[in-house]
Amino acid sequence: MNLSVEIGKIKLKNPVITASGTFGFGREYSEYIDLNKLGAIVVKGLTVKPREGNPPPRLFETASGILNSIGLQNPGVDAFIERELPFLKSFDVPVIVNIAGETVEEFVYMAEKLDIEGIEGIEINVSCPNVKKGGMAFGVNPDDIFDITRKVRKATSKTVIVKLTPNVTDIKVCAKAAEKGGADAISLINTVAGMAVDIDKRRPVFENVIGGLSGPAIKPIALKMVYEVVTVVSIPVIGMGGIMNYKDALEFLIVGARAIAVGTCNFVNPYCTVEIIDGIKKYMEENEIEDINEIIGSIKI
Amino acid sequence: MRWKMKARVLSNRRIASEVYEMTFEWKGKKPHPGQFLMIDCQGKTFLKRPFSVNDFEEEKMTILYQVRGEGTKNLSQMKEGDILEITGPHGNGFEILEGKRVLIVGGGVGIAPLLYLAKKVKAQKLYIALGFKRETFLVEKFEGLGEVVVTTEEGSTGRKGLVTSVVEEMIGEVDIVYGCGPKPMLKALQEISMKANVLCQISLEEKMACGIGACLGCACKVREDKGFSYKRVCRDGPVFWAEEVLF
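Quick note, the sequences are listed as chains A and B, same order. When the letters of the first sequence are read in order and numbered with my numbering, they come out as residues 846 to 1146. When the letters of the second sequence are read in order and numbered with my numbering, they come out as residues 15 to 261.
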């Protein structure tokens, strides 16, 4: 039975990876699961300099999901390389680093810095506000997606993955811009913009007002967008958004995702990644499927 | 490696309006005072809920909880024999210093982690101050562990007023304070203890998602040499030295 898939230059032992921002740098979950079993680990988003993140509260539970306003708290790219990467290298699992910048120059700087041993891929978080364009997210403008992808592509020898935001009118145009820019793969979706109000204080729950919605509530949106993107690009697509079990994962694979990322489910069930891998294996056994690639893109319309 | 635990409910009873005490079998790791469990609220909520360890002895764990929403409402309806799904114990509990004159201060349902602490602290002298609004609960379990003072804001039982007024009176007679309760109480404990140059540890609360330190959702602002940083209530806490917390 073969569960191995390839994303750019990265060979994954199975299609189940962790979503950025939900797995820290792996330390906490290593107490619960064998990290070696994962297809890959995408670590929390890094910025050039350390970021404290947003003041609390940062979380709000919704029906079948959560709103978060973490604010990209992270120790910065240098501290990651010095303190976290050595830990991750002790496992036999590809490490993909998510990068978040305020300018294209920052993305390029980090891509160059992270072109080192122990890192297999760079995931570009284009959902960040572009401070040179009044805070508009890079990811809503295809030209910006193209520009940032092209420049990051030049800056690193690693597999380049562009993570798309769903808060756009036409995801297909954005995906094509990333592919044209030289991306090796596309991952989607990032969180859906949302909001909640504290009825006692009559104020937004978050100081930042807007938060990111994730969880099973957004899975239909994610699946639809993955389906759309798969039909317009040739490069591999990594699907994510509300995956809670192996059945959800299979839906994304059947639609055409080459791999899936598990995010918010990690909070609810720290064992869910390995449970999903086991569930996929069982499904393959029961249906006498020898190769995961027989499942990928097998949807019948 | 940590494992998901299934625990059988042994008893679940209401001990005050909207306050319940649940005891269940526990064959997992022995908790340290101040640690908490993440309990699945049986599909009524998306996220697990954090609950302080109220008491533990010989494979029996007890939690104290107030019904506030769908999750705790669902818990309150569980019966003997029902099965809970739990991860934990989580977090950094109270640092117990032996041989000290200790004051334990609890407010409302915040007294939850303090019973187990009171049993485990090896104090030279133990004072326990419990503050409530009107209705008291669990006081009888603290009797016999130390010298207990009860306050109610409405004066319905014990001394009328805030529990912090008791702390102000007693702070000169103790070496360390342990507190858990509403934020205004904890802030007052910080002020009183710092002014008197007395050690103080407080247990904080914050909305949580993962409960193990990975998502950075339960941020708590703490003093740093050059300003502040955010620590995780679930992993760096829930217990912090009072002097480091920025309210």
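Glycine included, each C-beta is placed from N, C-alpha and C at the ideal position.
Check, Outcome
"Min CB distance B:Phe-60 to chain A below 9 Å", "yes"
"Helix, strand or coil at A:Asn-1138 according to DSSP, with G and I counted as helix", "helix"
"4-residue-minimum alpha helix (DSSP H) runs that sit fully inside the stretch 124 to 164 of chain B, ordered along the chain", "128 to 134, 153 to 156"
"Beta-carbon spacing of B:Thr-178, B:Gly-172 below 9 Å", "no"
"Any non-hydrogen atom of the ligand HEM within 8 Å of B:His-46 CB", "For the structure depicted, the ligand HEM is absent and the ligand set is empty, with no information on it obtainable."
"Whole-number beta carbon distance between A:Asn-899 and A:Ile-878, since they are thought to touch under 8 Å", "Not confirmed; about 29 Å, so no contact."
"Contacts of B:Ile-226 in chain A (Cβ-Cβ under 7 Å)", "Glu-873, Pro-1115"
"Chain A within 9 Å of B:Ala-233, Cβ atoms only", "yes"
"DSSP three-state assignment for A:Met-846, whether helix, strand or coil", "coil"
"Contacts that B:Glu-219 makes with chain A (C-beta to C-beta distance below 8 Å)", "The premise fails here: B:Glu-219 is roughly 11 Å from chain A at the closest Cβ pair, so nothing lies under 8 Å."
"Partner residues on chain A for B:Met-184, Cβ-Cβ distance less than 7 Å", "The contacting residues do not exist; B:Met-184 stays about 31 Å from chain A at best."
"Beta-carbon spacing of A:Leu-880, A:Ala-1104 below 9 Å", "no"
"A:Ala-885 at chain B interface by Cβ criterion, 9 Å", "no"
"Per DSSP, the bridge partner or partners of B:Phe-38", "B:Val-23, B:Met-75"
"Closer than 9 Å to chain B by CB, A:Pro-1061", "yes"
"Residues sharing a beta bridge with A:Met-1085, DSSP", "A:Ala-1106"
"Neighbour-count burial assignment, A:Pro-931, 16 or more Cβ in a 10 Å radius", "exposed"
"B:Ile-190 - partner residues in DSSP beta bridges", "B:Val-116, B:Leu-213"
"Cutoff 7 Å; reference B:Cys-232; Cβ partners in own chain excluding five residues on either side", "Glu-220, Lys-221, Met-222, Arg-246, Val-247, Cys-248"
"Alpha-carbon to alpha-carbon, B:Ile-142 and B:Gly-175", "16 Å"
"Proximity test, Cβ basis, 9 Å: B:Cys-229 and chain A", "yes"
"Alpha carbon of B:Cys-214 to alpha carbon of B:His-46, nearest angstrom", "18 Å"
"Assumed close pair B:Val-116, B:Val-135 - CB separation to whole angstroms, cut-off 8 Å", "6 Å"
"Option nearest A:Lys-958 by Cα separation, candidates A:Val-971, A:Val-1078, A:Ile-926, A:Glu-947", "A:Ile-926"
"Beta bridge counterpart(s) of B:Thr-166 as assigned by DSSP", "B:Phe-146, B:Lys-174"
"Proximal residues of chain B, C-beta to C-beta of A:Pro-902 below 8 Å", "Glu-220, Lys-221"
"Distance, B:Gly-107 Cα to B:Trp-255 Cα", "11 Å"
"Within 7 Å of chain A by C-beta, residues of the stretch 96 to 112 of chain B in sequence order", "Thr-101"
"Sequence-distant residues of the same chain with beta carbon closer than 7 Å to A:Glu-951, five excluded per side", "Val-893"
"Three-state class that DSSP yields for A:Ala-1022 in the structure shown", "helix"
"Segment limits, alpha helix (DSSP H) that includes A:Pro-931", "930 to 934"
"Within chain A, partners of B:Arg-16 - CB distance below 7 Å", "Glu-876, Tyr-877"
"Under the three-state DSSP convention, the category A:Arg-903 falls into", "coil"
"Chain-ordered residues of the stretch 908 to 924 of chain A with a beta carbon less than 8 Å from chain B", "Ala-908, Ser-909, Gly-910, Ile-911, Asn-913, Ile-915, Gln-918"
"Status (buried if at least 16 other CB within 10 Å, exposed otherwise) for A:Ala-885", "buried"
"Cβ-Cβ distance between B:Gly-160 and B:Leu-140 below 9 Å", "yes"
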